[in-house]
Amino acid sequence: MDSSLNDTQNDQLSSNRITEESIFNLKISNIYLKEIDSLLKRLICLNKLPAIVDAKVSEFESSFSQYYLLNKFLNDDEQLQASITHLKQEFTRIYILVYEANKISNELQAMASSPGVTDDRQKVNIRINDISAINIHKAAVTRDYIKQPRLTYKTVVGVNGPLVILDNVKFPKFAEIVNLTLPDGTVRSGQILEVSGSKAVVQVFEGTAGIDAKYTTVEFTGDILRTPVSEDMLGRIFNGSGKPIDRGPSVLAEDYLDINGEPINPFSREYPEEMIQTGISAIDVMNSIARGQKIPIFSAAGEPINPFSREYPEEMIQTGISAIDVMNSIARGQKIPIFSAAGLPHNDIAAQICRQAGLVKHEKSTVDTGDDNFAIVFAAMGVNMETARFFKQDFEENGSMENVCLFLNLANDPTIERIITPRIALTTAEYLAYQCDKHVLVILTDMSSYAEALREVSAAREEVPGRRGFPGYMYTDLATIYERAGRVAGRHGSITQIPILSMPNDDITHPIPDLTGYITEGQIYVDRQLHNRQIYPPINVLPSLSRLMKSAIGEGMTRKDHADVSNQLYANYAIGKDIAAMKAVVGEEALSSEDLLYLEFLGKFEKNFLTQGAYENRTIADSLDVCWQLLRTFPREMLKRIPHNILQEFYPRDGGKHAQQAATTTTG
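Note that UniProt numbering numbers the sequence shown so that position 172 is 172, with each residue one more than the last.
Right, dumping it as structure tokens:
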């Protein structure tokens, strides 16, 4: 039994060694053969390489000599030096691998020989675990490190916008990452978009300016686009490609993940039930956001989660904005956009949500105040330098930067980079949510810039355009971003998504907001008329909607009067808008006493509820108290959408004291 296990162990140790076939692809000159020999001798003198590796070393030496005799005519010193460097790295990794494997083996053997292990079968199981541990550790050490030699081409035949066309390419793979070396030594990365026979079309992330078709070399890596992820990314600032731009050190990656993500099994999804408090009354009360929800903010100028793994969003995220928390509550795991317009303060709203957002607890304390439990991933695409400076300065000054991971793609950065920026941000969010068990709020601004970059690439590829020149697959492409929000069964973390997009010409029927509204669970609408009347945040609650609000609010989540108050506010505000329009036609003298009450409520609603300071953080209890102050404008018999027991408890003037006792909140 022991001998067979040792043979298996030796096979496991030698399974990932450099093969002679890969060594024969290296061009070794006699000039560097002595250097290799000395390297091998130093490795052997360490006395930590097992016999099987010693034998392999001898085979390698023999192979080098034989190959040199066959390739004496090769004198490309640069290529030979690169081969030597590659060989050194491979032998160093072999040494690390074997040393660590032996270390694990010694520890497990000591465990097997401990006094507490007396059964032979138990010792056999420990030895089997020994082999499994070696196998796992070997994979961890060698993954993404030991690679076959890469292929390099000088066959660039054309450059078209952000695309580079290559010819005479052997076995190109779709979505494979390539490195382009320019004549001045600059290295840029790209991705294969299309393959046709021996031709390949590559989109260059850093732009194609300066690429010379004659002297540019292209190296195929054989891998897809991955991004390093780590919990240490919180508090850091990255560019659109995920490279640090805050003058800090490079991220020590805990893993490298595919930026397209992995689908969540629909069966594992949990329904969003917990509210995220934004601190903005118009959102928290009227359009509450559930944890795991995706909801856009409409403004103006991985792959989706597997549906079988989704859980229904049920917990509210508190934004601290009354118009959101009360009227359009956001559930944890929801995706809900903000629809805005050019010149409207959607950036200020996004920064305020980042400062104030937090979870709402089910018990006495409404918001989860644990800083290590809630994180924000913020991705800005196509923003100018002033906007980028605003976000950086705002996050640093208010102390929220330590819980924010910031990705910035500036307007002068390559347009093609905007296509990967939201995917890198969401990949980071998935790592924080599903491996670090954090509740992550992802804010993407501006999705209109992303869609325009998608249109530019589509035009360069000469694809058949769809509505207003956008590609026909834009709906599918947007879905691959939006559907990565949600909650997964068996995981404590969640991803809630708030994409912000500016509507060209304030047109909500434009393809970008139109397609976004089909995918997300509602939207937050930023209105120009309210902005012109100096109302901040100018959130129009009537066209705004949060489809998961009903599952994230109520007793045990926010407060038992939340849903009824929100319904009554919607009804009274809509009636007040109609009466204001009628007043402009018939005059105030033709209005009844009830109509005048609705007009009074309309003014108070916009002045006291919608209007909120940029640094004013309202908890959900504070926002609901403001709502009751407004509803007391009407006699009880006119509040027909609120049950009698709720009126009895909250309508009296001291109802606010009860509310404060029912839900004590602080922002997270």
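A virtual CB, placed ideally from N, CA and C, is assigned to each residue, including glycine.
Are there 16 or more other CB atoms within 10 angstroms of the CB of residue i, so buried, or fewer, so exposed?
i, result
"residue 250", "exposed"
"residue 15", "Low confidence applies here, because residue 15 scores a pLDDT of 40, under 50, leaving its location unreliable and the question unanswered by this model."
"residue 554", "buried"
"residue 427", "buried"
"residue 327", "buried"
"residue 652", "exposed"
"residue 472", "exposed"
"residue 576", "buried"
"residue 630", "buried"
"residue 596", "exposed"
"residue 510", "buried"
"residue 578", "exposed"
"residue 351", "buried"
"residue 545", "buried"
"residue 346", "buried"
"residue 302", "With a pLDDT of 42 at residue 302, under the threshold of 50, the modelled position of that residue is not reliable, and the figure given next carries that caveat. Buried, because 16 or more other Cβ atoms sit within 10 Å of the Cβ of residue 302."
"residue 614", "exposed"
"residue 397", "exposed"
"residue 594", "exposed"
"residue 412", "exposed"
"residue 476", "exposed"
"residue 313", "buried"
Can you determine whether any heavy atom of the ligand NAP sits closer than 8 Å to the C-beta of residue i, and answer yes or no?
i, result
"residue 464", "The ligand NAP is absent from the structure shown, which contains no ligand whatsoever."
I'd like to know whether the C-beta atoms of residue i and residue j end up nearer to each other than 9 Å.
i, j, result
"residue 358", "residue 374", "yes"
"residue 410", "residue 442", "no"
"residue 612", "residue 281", "yes"
"residue 521", "residue 334", "yes"
"residue 317", "residue 276", "yes"
"residue 320", "residue 494", "no"
"residue 221", "residue 187", "no"
"residue 288", "residue 340", "no"
"residue 257", "residue 285", "no"
"residue 670", "residue 155", "The structure shown has nothing for residue 670, since the chain only spans 1 to 668."
"residue 337", "residue 499", "yes"
"residue 641", "residue 571", "yes"
"residue 354", "residue 390", "no"
"residue 419", "residue 464", "no"
"residue 208", "residue 163", "yes"
"residue 535", "residue 610", "yes"
"residue 486", "residue 273", "no"
"residue 551", "residue 323", "no"
"residue 537", "residue 529", "no"
"residue 454", "residue 381", "no"
"residue 460", "residue 160", "yes"
"residue 448", "residue 503", "yes"
Of the residues the options, which one's Cα is nearest the Cα of residue i?
i, options, result
"residue 488", "184, 275, 345, 434", "434"
"residue 564", "627, 598, 402", "627"
"residue 669", "645, 576, 344", "Examination of residue 669 is not possible in this model, given that the chain is present from 1 through 668 alone."
"residue 480", "502, 509, 515", "515"
"residue 386", "408, 404, 402", "408"
"residue 377", "579, 324, 257, 422", "422"
"residue 608", "623, 619, 545, 311", "623"
"residue 620", "360, 352, 260", "360"
"residue 519", "568, 295, 415", "295"
"residue 561", "509, 353, 649, 525", "649"
"residue 248", "233, 191, 501", "233"
"residue 226", "425, 180, 517, 394", "425"
"residue 202", "180, 215, 184", "180"
"residue 196", "174, 185, 210, 211", "174"
"residue 165", "191, 176, 190, 199", "199"
"residue 379", "415, 638, 405, 507", "405"
"residue 439", "392, 567, 496, 393", "496"
"residue 158", "176, 152, 210", "210"
"residue 241", "474, 540, 415, 557", "415"
Check whether the Cβ of residue i lies closer than 9 Å to any Cβ atom in chain B.
i, result
"residue 268", "The structure shown contains no chain B; it is built from a single protein chain."
In chain order, which beta strand (DSSP E) runs of at least 3 residues are fully inside the region 310-386? Within the region 310-386, the complete beta strand (DSSP E) runs of at least 3 residues are 314-321, 326-335, 338-340, 358-360, 374-383.
Can at least three beta-carbon pairs, one atom from the region 586-595 and one from the region 250-264, be found at a separation below 8 Å? no
Where are the beta strand (DSSP E) runs, 3 residues long or more, that stay fully inside the region 418-476, in chain order? 439-445
Pairs of beta-carbons, one from the region 164-175 and one from the region 229-245, closer than 8 Å: are there three or more? The region 164-175 is not in contact with the region 229-245.
At what residue ranges does the region 153-204 contain a whole run of the beta strand (DSSP E), taking only runs of 3 or more? 156-160, 163-166, 177-181, 187-196, 199-204
Return the chain-ordered ranges of every alpha helix (DSSP H) run that is complete within the region 479-507 and spans a minimum of 4 residues. Runs of the alpha helix (DSSP H) lying entirely within the region 479-507 and spanning at least 4 residues: none are present.
May I have a chain-ordered list of the alpha helix (DSSP H) segments no shorter than 4 residues that lie completely inside the UniProt domain "ATP synthase A/B type C-terminal" (552-651)? 562-586, 593-604, 620-631, 644-650
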